[in-house]
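So the structure is just underneath, and the comments pick up after that.
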């Protein structure tokens, strides 16, 4: 009886904890609020917040209830860590500041990232695999320990004090901007060496400590690659017909005996078959014009500014579109299925564009079509149409659009932004002078990173060998 009673009490306790976590998750999904005591205390975002939530000051208000819940969820934590406070939370995790309990001589602080229990296991496994295999060098964040108890997982990571992107964007000097982009590309080169796509490159995932000149690429929850679980690929496979099991709305193909056909048409001789004669072609065209020919499944809108009923009835295209709005590449927006590491280079190019123009975020729209239209307005219609054709897409525009001069656009935007943010101080005058004297090299690199064609877009390795970095 005592065993049953204790078991019942434990189940009730776990149920209450799950209800509390579910309620917390609902609140987090509605609005992500980060509370810190030394600066701008709140901003809404859909992103997962890992060690990037940590301001340069580690002062934070204790959240005893949340800390107690974490201790109960993962009892092993109490044996090793003394949790000071909760320093951030997001849609997929909560982050706590902690110190080793039994080694007071170790002054190093740690970030305990508690993954929300409802997070898909593949996301947790992908991030852990990435941190273990590629973390700890070349500006990729490290992981010290991983603890798991039932559905609760905690990553123990080194704390990384950093500045907020918006705080240094306008006061960026020319040399500092070059070093920032160089270190970002070093991190991407490291990731891409393992043929891994980060898929969520943005300023809040590339931490920068301005005083110490340190950098860290974080948040691999959306990463994909050969050694990772690709949930988007699984979805794609489910939508495609498998061998021997055609979809219900498709024409069933029946395999006939090869003996009923001419030997010259066997698989081995398929490329040796003669072209059909003109008489055969004419006969086929007559059959097509016959009333019995069913043309209801033939698309009649290709290349036109309309969508026919045949295309509307087609199943939705499934392609990976993970990432943050405004940083997705054209091939992601156009649902290209064979995406590669070039999507990260595009996102890094958007960051570079924000730095050169002092405009963040640079792209802002309501949906994917809106973002694609904004990209076309900057790069021009011709290269975007050609890029779409290279990935098997037909991009139809109402009118042609000329590409803008990247240098002229960025210079004009940065000057206007700096005059508002920095005023007319001597610091402003010095920064303005350095930006006006900038060569064409950064804009040449920018154009290569923002190449709409993923097949010709520059790689991280080649970008690091660009004169923008080598001539500095």
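Residue numbers (the UniProt record's numbering): 1 to 472.
We treat Cβ as the ideally placed atom computed from N, Cα and C, and that holds for glycine.
Just so we're clear, the structure is a prediction, and the values are computed from it rather than from any experiment.
Inset, instruction - Identify, in the order they occur along the chain, each residue of the same chain with its Cβ nearer than 8 Å to the Cβ of residue 298, setting aside the five sequence neighbours on each side. - result: Within the chain shown, residue 298 is the residue found at index 298, counting from 1. Around residue 298: 310.
Inset, instruction - Over the uninterrupted beta strand (DSSP E) stretch that includes residue 117, give me the two end residues. - result: Taking the first residue of the chain shown as 1, we reach residue 117 at position 117. Careful: residue 117 lies outside any beta strand (DSSP E) and carries neither H nor E.
Legend entry - 6 Å CB neighbourhood of residue 469 in its chain, flanking five on each side removed: Locating residue 469 in the chain shown gives position 469, where the first residue counts as 1. Around residue 469: 182.
Legend entry - Enclosing alpha helix (DSSP H) for residue 381 [first to last residue]: Within the chain shown, numbered from 1, the residue matching residue 381 stands at position 381. Residues 381-390.
Inset, instruction - Kindly give me the distance between the Cβ atoms of residue 224 and residue 199, rounded to whole angstroms, as I take these residues to be in contact under 8 Å. - result: Reading the chain shown from its first residue, position 224 is the one you call residue 224. Reading the chain shown from its first residue, position 199 is the one you call residue 199. At roughly 6 Å, the Cβ-Cβ gap stays under 8 Å, so residue 224 and residue 199 are in contact.
Legend entry - Euclidean distance between Cα positions of residue 226 and residue 195: Within the chain shown, the letter at position 226 stands for residue 226. Within the chain shown, the letter at position 195 stands for residue 195. Their Cα atoms are separated by approximately 7 Å.
Legend entry - Residue range of the unbroken alpha helix (DSSP H) whose run includes residue 190: Your numbering for residue 190 matches position 190 in the chain shown. Residue 190 -> alpha helix (DSSP H) spans 174-192.
Inset, instruction - Determine the contact status of residue 443 and residue 407, defining contact as a CB-CB distance below 8 Å. - result: For the purposes of this step, residue 443 is identified with residue 443 of the chain shown, where counting begins at 1. For the purposes of this step, residue 407 is identified with residue 407 of the chain shown, where counting begins at 1. In contact: residue 443 and residue 407 (Cβ atoms closer than 8 Å).
Legend entry - residue 163 in three-state terms, based on DSSP: Reading the chain shown from its first residue, position 163 is the one you call residue 163. It is a strand residue.
Inset, instruction - May I ask you to report which of helix, strand or coil DSSP gives residue 370? - result: The count along the chain shown starts at 1 and reaches residue 370 at position 370. Residue 370: helix per DSSP, three-state reduction.
Inset, instruction - Answer with buried or exposed for residue 89, where buried requires no fewer than 16 other C-beta atoms within 10 angstroms of its C-beta. - result: If you number the chain shown from 1, residue 89 lands on position 89. With 16 or more Cβ atoms within 10 Å of its Cβ, residue 89 is classed as buried.
Legend entry - Neighbourhood of residue 163 by C-beta distance below 7 Å, restricted to the same chain and skipping five residues each side: Counted from its first residue, the chain shown places residue 163 at position 163. Answer for residue 163: 56, 208, 209 and 210, listed in chain order.
Inset, instruction - Could you spell out where the beta strand (DSSP E) holding residue 84 opens and where it closes? - result: The residue given as residue 84 occupies position 84 in the chain shown. Per DSSP, residue 84 belongs to the beta strand (DSSP E) from 81-89.
Legend entry - Inter-residue spacing [alpha-carbon to alpha-carbon] between residue 472 and residue 131: The residue you call residue 472 lines up with position 472 of the chain shown. The residue you call residue 131 lines up with position 131 of the chain shown. Rounded to the nearest angstrom, the two C-alpha atoms are 32 Å apart.
Legend entry - Through-space distance from residue 430 to residue 474, alpha-carbon basis: Lying before the first or after the last residue shown, residue 474 is absent from the chain, which here runs from 1 to 472.
Inset, instruction - Mind checking which residues open and close the alpha helix (DSSP H) that includes residue 473? - result: Since the first residue shown for the chain is 1 and the last is 472, residue 473 is missing from the structure and cannot be characterised.
Legend entry - Identified DSSP bridge partners for residue 140: By one-based count along the chain shown, residue 140 stands at place 140. BP columns for residue 140 point to 217.
Legend entry - Given 8 Å, three or more beta-carbon pairs between the region 363-383 and the region 393-404: yes
Inset, instruction - Would you tell me roughly how many angstroms separate the C-alpha atoms of residue 64 and residue 85, rounded to the nearest one? - result: Here residue 64 refers to the residue found at position 64 of the chain shown. Here residue 85 refers to the residue found at position 85 of the chain shown. For residue 64 and residue 85, the distance between alpha carbons rounds to 8 Å.
Inset, instruction - Helix, strand or coil for residue 78, going by three-state DSSP, please let me know. - result: Here the question's residue 78 lines up with position 78 in the chain shown. DSSP places residue 78 in helix when its eight states are reduced to three.
Inset, instruction - Have a look at residue 327 and residue 350 and give me their C-alpha separation to the nearest angstrom. - result: The residue labelled residue 327 in the question sits at position 327 within the chain shown. The residue labelled residue 350 in the question sits at position 350 within the chain shown. Cα to Cα, residue 327 sits roughly 6 Å from residue 350.
Inset, instruction - List the residues that DSSP assigns as beta-bridge partners of residue 197. - result: The sequence position of residue 197 within the chain shown is 197, counting from 1. Per DSSP, 224.
Inset, instruction - Using alpha carbons as the reference points, say which of 418, 187, 435 and 377 lies closest to residue 344. - result: For the purposes of this step, residue 344 is identified with residue 344 of the chain shown, where counting begins at 1. Minimum Cα distance to residue 344 is reached at 187.
Legend entry - Whether residue 415 touches residue 432 by CB criterion (8 Å): Taking the chain shown and counting its residues from 1, the one referred to as residue 415 is at position 415. Taking the chain shown and counting its residues from 1, the one referred to as residue 432 is at position 432. Yes, the Cβ-Cβ distance between residue 415 and residue 432 is below 8 Å.
Legend entry - Proximity below 8 Å, CB of residue 216 to CB of residue 160: Taking the first residue of the chain shown as position 1, residue 216 is located at position 216. Taking the first residue of the chain shown as position 1, residue 160 is located at position 160. Yes, these two residues count as a Cβ contact at 8 Å.
Legend entry - Cβ contact (3+ pairs, closer than 8 Å) linking the region 455-463 and the region 357-372: no
Inset, instruction - List the residues that DSSP assigns as beta-bridge partners of residue 101. - result: As a position in the chain shown, residue 101 is number 101, starting the count at 1. Residue 101 is not bridged to any residue.
Inset, instruction - Measure the C-alpha to C-alpha separation of residue 337 and residue 389 and round it to an integer number of angstroms. - result: Here residue 337 corresponds to residue number 337 of the chain shown, with the count starting at 1. Here residue 389 corresponds to residue number 389 of the chain shown, with the count starting at 1. Each residue's alpha carbon lies about 14 Å from the other.
Inset, instruction - Name, in chain order, the residues that DSSP records as bridge partners for residue 95. - result: Working through the chain shown from its first residue, we reach residue 95 at position 95. Residue pairing by DSSP places residue 95 opposite 88 and 113 in a beta bridge.
Inset, instruction - Could you have a look at residue 68 and say whether DSSP puts it in helix, strand or coil? - result: Here residue 68 refers to the residue found at position 68 of the chain shown. The DSSP-derived three-state label of residue 68 is helix.
Inset, instruction - Within the same chain, show all residues whose beta-carbon is closer than 6 Å to that of residue 8, passing over the 5 residues directly before and after it, in chain order. - result: If you number the chain shown from 1, residue 8 lands on position 8. With a pLDDT of 47 at residue 8, under the threshold of 50, the predicted position of this residue should be treated as unreliable, though the coordinate-derived value follows. Here the set comprises nothing.
Inset, instruction - Quick one: grab the DSSP three-state call for residue 210. - result: For this step, residue 210 is matched to residue 210 along the chain shown. Coil.
Legend entry - Backbone CA spacing between residue 93 and residue 426 [nearest angstrom]: As a working note, residue 93 is residue 93 in the chain shown. As a working note, residue 426 is residue 426 in the chain shown. Looking at the two C-alpha atoms, the distance is approximately 43 Å.
Legend entry - Test item: CB-CB of residue 97 and residue 109 under 8 Å: Indexing the chain shown from 1 puts residue 97 at position 97. Indexing the chain shown from 1 puts residue 109 at position 109. Yes. Within cutoff.
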